[in-house]
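Numbering that gives the first Met the number 0 applies: residue 0 is where the sequence shown begins, and numbers increase by one. No residue lacks a Cβ here, since even glycine has one placed at the ideal position from N, Cα and C. These numbers were taken from a predicted model, which means no experiment stands behind them.
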Amino acid sequence: MSLVNLRHAVRAIILDQDDRILLCRFAIPKPEGTTVVWAAPGGGVESGETLLTALRRELREEVGLTLDADPPHVWHQEVVAPGHAAGYDGVINDYFLIRTAFFNPRGALSDDELAAENITRLEWWWPQDITDYHGTDLFSPRDLAGPLAALISSGLPDRPVPLGL
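Written as structure tokens, this is what we have:
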């Protein structure tokens with residue numbers, strides 16, 4: 000059996016008082032053209048970091064949010080798919096829920112530093128707009144509307160909900 004090299008990352012489901020979710024627009028260059036994916040803020044867990052340490056760092060860098068408490072772990076995703084993450088056989092994403100008042104996201108990273116991470120925009124989305132979206136951009140997870148609706152309507156799960164691609 001061969002070992003699988005997965006990139007471990009943390010992501011924040013940031014919901015404001017009106018249940019809008021903050022998403023990052025990633026424009027990922029590929030040989031066949033650019034793929035646009037809307038995903039929760041976050042990123043890779045560096046060597047020696049805990050999940051929550053990585054989450055705090057990523058939120059400070061990308062959106063300028065400082066956490067006062069440890070957010071609940073709500074979703075877990077494992078995707079084994081060569082090419083899904085450059086240099087890896089896939090990803091593991093652990094998602095944490097953060098409830099906060101609406102804010103204008105602006106992290107410590109410059110626009111050039113964000114662009115180097117393929118982030119081209121940060122935007123608040125209404126859940127219904129995700130459900131109704133029929134354009135060419137993708138969401139991560141692809142079925143984001145479903146787990147998001149369940150999280151908003153049912154509240155915190157007893158343990159992290161497994162997600163698909």
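Among the options, the one whose alpha carbon lies nearest that of residue i
i, options, result
"PRO159", "GLU61, ARG19, LEU96, VAL3", "LEU96"
"ASP136", "ALA84, ASP17, ALA26, GLY89", "ALA26"
"LYS29", "LEU113, ALA84, ALA100", "ALA84"
"LEU150", "GLY89, VAL73, SER109, GLU122", "VAL73"
"GLU122", "ILE12, LEU5, LEU51", "ILE12"
"ALA68", "THR130, ASP15, THR52, LEU108", "THR52"
Reduced DSSP category for residue i - H, G, I as helix; E, B as strand; rest coil
i, result
"ARG158", "coil"
"SER152", "helix"
"PRO40", "coil"
"THR49", "coil"
"LEU164", "coil"
"LEU21", "strand"
"PRO140", "coil"
"GLU112", "helix"
"THR130", "helix"
"GLY145", "helix"
"ALA107", "coil"
Residue i, buried or exposed, once every other Cβ within 10 Å from all chains shown has been counted against 16
i, result
"GLY134", "exposed"
"TRP37", "buried"
"GLY41", "buried"
"LEU14", "buried"
"ALA39", "buried"
"LEU147", "buried"
"ASP93", "buried"
Distance between residue j and residue i (C-alpha atoms, nearest Å)
i, j, result
"GLY63", "ASP111", "16 angstroms"
"GLU77", "LEU164", "8 angstroms"
"PRO161", "ALA107", "31 angstroms"
"ARG10", "THR33", "22 angstroms"
"SER152", "PRO70", "18 angstroms"
"ILE129", "GLY47", "35 angstroms"
"ARG55", "TYR132", "30 angstroms"
Problem set entry | Whole runs of the beta strand (DSSP E) within the region 55-102, excluding any shorter than 3 residues | 72-79, 89-98
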